[in-house]
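All residue numbers for the sequence shown refer to numbering that gives the first Met the number 0, where the first residue is 0 and numbers rise by one. Note that beta-carbon positions come from the ideal geometry of N, C-alpha and C, so glycine has one too. Notes for the one structure printed next.
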Amino acid sequence: MYHELIWVLPFIAVLASIAILPLIQKHWWEKNFPLLCALLSLVVIVRYFLVLKDSASLIHTAFEYISFIALIGSLYVVAGGIHINVKGESTPVANCLFLFIGAVFANLIGTTGASMIFIRPWIRMNKYRLTAYHIVFFIFIISNVGGGLTPIGDPPLFLGYLKGVPFFWVLKQVWPIWILAITLLLILFYTVDVQNFKKAPAAIRQKETSKGEEWKFLGAHNIFFLLMIVGSVFIHHPPFLREAVMILAAVLSYKTTSKSVHESNDFNFGPIKEVAILFLGIFTTMIPALAWLEKYANQLGVNTPGQFYWASGMLSSVLDNAPTYLSFLSAQMGLFAGTTHFLLETHPIYIKAISVGSVFFGAVTYIGNGPNFLVKSIAEQYNAKTPSFMAYFFNYSLPILIPIFALIWFFFFRMAV
Numbered sequence: 000m001y002h003e004l005i006w007v008l009p010f011i012a013v014l015a016s017i018a019i020l021p022l023i024q025k026h027w028w029e030k031n032f033p034l035l036c037a038l039l040s041l042v043v044i045v046r047y048f049l050v051l052k053d054s055a056s057l058i059h060t061a062f063e064y065i066s067f068i069a070l071i072g073s074l075y076v077v078a079g080g081i082h083i084n085v086k087g088e089s090t091p092v093a094n095c096l097f098l099f100i101g102a103v104f105a106n107l108i109g110t111t112g113a114s115m116i117f118i119r120p121w122i123r124m125n126k127y128r129l130t131a132y133h134i135v136f137f138i139f140i141i142s143n144v145g146g147g148l149t150p151i152g153d154p155p156l157f158l159g160y161l162k163g164v165p166f167f168w169v170l171k172q173v174w175p176i177w178i179l180a181i182t183l184l185l186i187l188f189y190t191v192d193v194q195n196f197k198k199a200p201a202a203i204r205q206k207e208t209s210k211g212e213e214w215k216f217l218g219a220h221n222i223f224f225l226l227m228i229v230g231s232v233f234i235h236h237p238p239f240l241r242e243a244v245m246i247l248a249a250v251l252s253y254k255t256t257s258k259s260v261h262e263s264n265d266f267n268f269g270p271i272k273e274v275a276i277l278f279l280g281i282f283t284t285m286i287p288a289l290a291w292l293e294k295y296a297n298q299l300g301v302n303t304p305g306q307f308y309w310a311s312g313m314l315s316s317v318l319d320n321a322p323t324y325l326s327f328l329s330a331q332m333g334l335f336a337g338t339t340h341f342l343l344e345t346h347p348i349y350i351k352a353i354s355v356g357s358v359f360f361g362a363v364t365y366i367g368n369g370p371n372f373l374v375k376s377i378a379e380q381y382n383a384k385t386p387s388f389m390a391y392f393f394n395y396s397l398p399i400l401i402p403i404f405a406l407i408w409f410f411f412f413r414m415a416v
């Protein structure tokens with residue numbers, strides 16, 4: 000069982016490289032990370048193709064990666080054609096309202112779509128006092144926790160929908176947890192933002208409170224292309240039609256959006272290129288990790304809803320949360336010798352646990368969810384302060400998210416059977 004974990008080392012090497020190398024060899028990392036990801040991926044590809052003769056796993060992962068990058072990339076391009084111009088500097092109350100609205104929209108257009116639309120105006124409206132916690136709380140709320148109510152919100156929930164979980168089931172089951180998590184995050188953000196607001200020059204504070212923000216919306220026709228992408232998520236056959244629709248929407252959006260809008264957004268393909276390369280390495284090297292999890296999930300001693308909550312959550316913070324969700328759903332079916340419908344009827348708390356864990360814990364690291372890295376890259380383009388991989392975890396996720404997730408476990412999953 001455990002001797003097979005040696006083949007998880009390339010995946011661990013990718014994670015360690017993302018976490019450590021930008022800190023100690025930033026310029027080397029920026030220049031060579033594509034080569035490093037390719038070499039580590041090659042180790043897995045050679046083993047599966049030549050040793051295990053398992054080309055099917057490689058092909059399946061390739062299909063998943065194409066679907067992932069088509070969704071992430073098309074939303075990035077379309078959102079890049081939507082410019083929300085904000086004049087004025089936002090108050091703490093307005094910031095909290097903005098984050099809450101973004102969290103709601105994450106369930107309608109996905110965490111990726113919401114992140115790409117809202118991150119640029121978020122940076123602009125706080126430009127005079129922008130700090131790392133502005134970026135971090137944006138990732139916490141809009142890029143992750145916010146999308147926990149619908150199958151559109153985050154990929155694990157969509158896979159659950161495809162496996163038989165009714166579309167509105169998660170909303171009915173999870174909304175109290177969602178409200179608790181969002182409320183606690185907003186309270187913490189407001190507390191910090193008030194202190195930051197007080198440090199702003201008096202002239203700016205007076206302008207903010209007296210005049211408020213002025214908003215201007217450009218590129219409205221891209222809303223159609225955004226809806227086109229969201230709608231395409233529900234296309235299952237024939238193969239690659241869904242991805243073709245997404246790419247078509249992105250191409251049409253890019254061609255029909257005026258150059259001035261793209262320039263206003265400082266739009267370029269740098270961030271999506273970085274994400275595409277990094278996640279190509281992540282998707283490839285995590286094949287052995289997911290295979291091991293699927294093979295031995297029933298032997299890990301995970302039996303209670305609380306254990307499923309923590310296990311799916313912790314693994315989703317470093318593995319792709321969609322296949323992690325499916326692995327634990329399969330483990331639950333094996334535990335109770337039943338189908339998804341059977342679990343929904345007799346043990347719904349188990350599916351509820353992995354639904355919350357898989358989505359919420361995506362905020363724990365930059366690689367926990369696709370939008371996290373995109374937000375980080377865009378913020379860096381605006382010269383915003385963004386914590387390193389390790390600082391993000393130790394300075395923000397560990398002291399902020401983990402206590403909130405522990406409260407959720409205590410109130411909702413600790414005594415559940």
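Quiz item: Which residue from His2, Gln24 and Ile81 puts its Cα closest to that of Thr256?
Solution: Ile81
Self-check item: Ile286 versus Pro270, Thr323, Ala243 and Val92, residue with shortest Cα-Cα distance
Solution: Thr323
Quiz item: Any contact of the region 117-132 with the region 149-167, i.e. 3+ C-beta pairs under 8 Å?
Solution: no
Quiz item: At what residue ranges does the region 307-389 contain a whole run of the alpha helix (DSSP H), taking only runs of 4 or more?
Solution: 320-335, 339-345, 347-359 and 369-380
Quiz item: Is the Cβ-Cβ distance between Phe224 and Ser252 less than 7 Å?
Solution: yes
Self-check item: Length of the line joining the Cα atoms of Glu242 and His220
Solution: 21 Å
Quiz item: Are the region 261-274 and the region 367-376 in contact at 8 Å, needing three or more beta carbon pairs?
Solution: yes
Quiz item: Between Val42, Lys351, Ser396 and Ala390, which lies nearest to Trp174 when the distance is taken from Cα to Cα?
Solution: Lys351
Self-check item: Cut-off 7 Å between Cβ atoms - residues of its own chain near Phe412, not counting five sequence neighbours on either side
Solution: Pro304, Gly305, Tyr308 and Ala352
Quiz item: Comparing alpha-carbon positions, which option in Leu4, Ile176 and Ile5 lies nearest Phe404?
Solution: Ile176
Quiz item: To which residues of the same chain is Phe457 closer than 8 Å at the C-beta, ignoring the five residues directly before and after it?
Solution: Residue numbering for the chain in the displayed model covers 0 to 416; residue 457 lies beyond these limits and cannot be assessed.
Quiz prompt | C-beta atoms of Leu35 and Tyr47 nearer than 7 Å | solution = no
Quiz prompt | Buried or exposed (CB count within 10 angstroms, at least 16 for buried), Ile71 | solution = buried
Quiz item: Are the beta-carbon atoms belonging to Ser354 and Ser315 less than 7 Å from one another?
Solution: no
Quiz item: Hey, out of Tyr365, Ala15, Tyr75 and Gln24, whose CA is closest to Met115's CA?
Solution: Tyr75
Practice problem: Just the C-alpha distance for Ser329 and Ile68, rounded to the nearest angstrom, thanks. | Solution: 25 Å
Quiz item: In three-state DSSP terms, what is His82?
Solution: strand
Quiz item: Which parts of the region 213-278 are runs of the alpha helix (DSSP H), unbroken and 4 residues or longer, counting only runs that do not cross its ends?
Solution: 221-231, 240-255 and 258-263
Quiz prompt | Endpoints, alpha helix (DSSP H) assigned at Ala417 | solution = The shown model of the chain, from 0 to 416, leaves out residue 417, and the question about it has no answer.
Quiz item: DSSP on Gln172, reduced to helix/strand/coil?
Solution: helix
Quiz item: Is the number of C-beta pairs between the region 128-140 and the region 192-201 that are closer than 8 Å three or more?
Solution: yes
Quiz item: Who are the near neighbours of Ala12 in its chain, counting only those whose CB is closer than 8 Å to its CB and skipping five residues on each side?
Solution: Leu39 and Thr284
Practice problem: Return the residue from the list Ala78, Gly79 and Val135 that minimises the CA-CA distance to Ser387. | Solution: Val135
Quiz item: Roughly how many angstroms separate the alpha carbons of His346 and Asn302, rounded to a whole number?
Solution: 12 Å
Quiz item: DSSP three-state call for Met115: helix, strand or coil?
Solution: helix
Quiz item: Cβ atoms of Ile234 and Leu226: under 7 Å apart, would you say?
Solution: no
Quiz item: Using DSSP with H/G/I as helix, E/B as strand and the rest coil, what is Gln423?
Solution: Residue 423 lies beyond the residue range present for the chain, which begins at 0 and ends at 416; the question has no answer from this structure.
Quiz item: Which full runs of the alpha helix (DSSP H) of 4+ residues lie inside the region 115-140, going along the chain?
Solution: 131-140
Exercise. Verify whether the separation of the beta carbon atoms of Pro370 and Ser54 is less than 7 Å.
Key: no
Quiz prompt | Beta-carbon contacts of Gly101 that lie in its chain and below 6 Å, excluding the five residues immediately before and after | solution = Ala113, Phe117 and Ile141
Quiz prompt | Residues near Leu289 in its chain [Cβ-Cβ closer than 7 Å; skip 5 each side] | solution = Leu318, Pro322 and Ser326
Quiz item: Roughly how many angstroms lie between the CA atoms of Asn31 and Val144, to the nearest whole one?
Solution: 33 Å
Exercise. Consult DSSP for Phe62 and reduce its assignment to one of helix, strand or coil.
Key: helix
Quiz item: Roughly how many angstroms separate the alpha carbons of Phe392 and Lys384, rounded to a whole number?
Solution: 15 Å
Exercise. May I ask which residues mark the beginning and end of the alpha helix (DSSP H) holding Gly159?
Key: Pro154 to Leu161
Practice problem: Go to Phe404, then tell me how far its alpha helix (DSSP H) extends in each direction, as first and last residue. | Solution: Ile401 to Ile407
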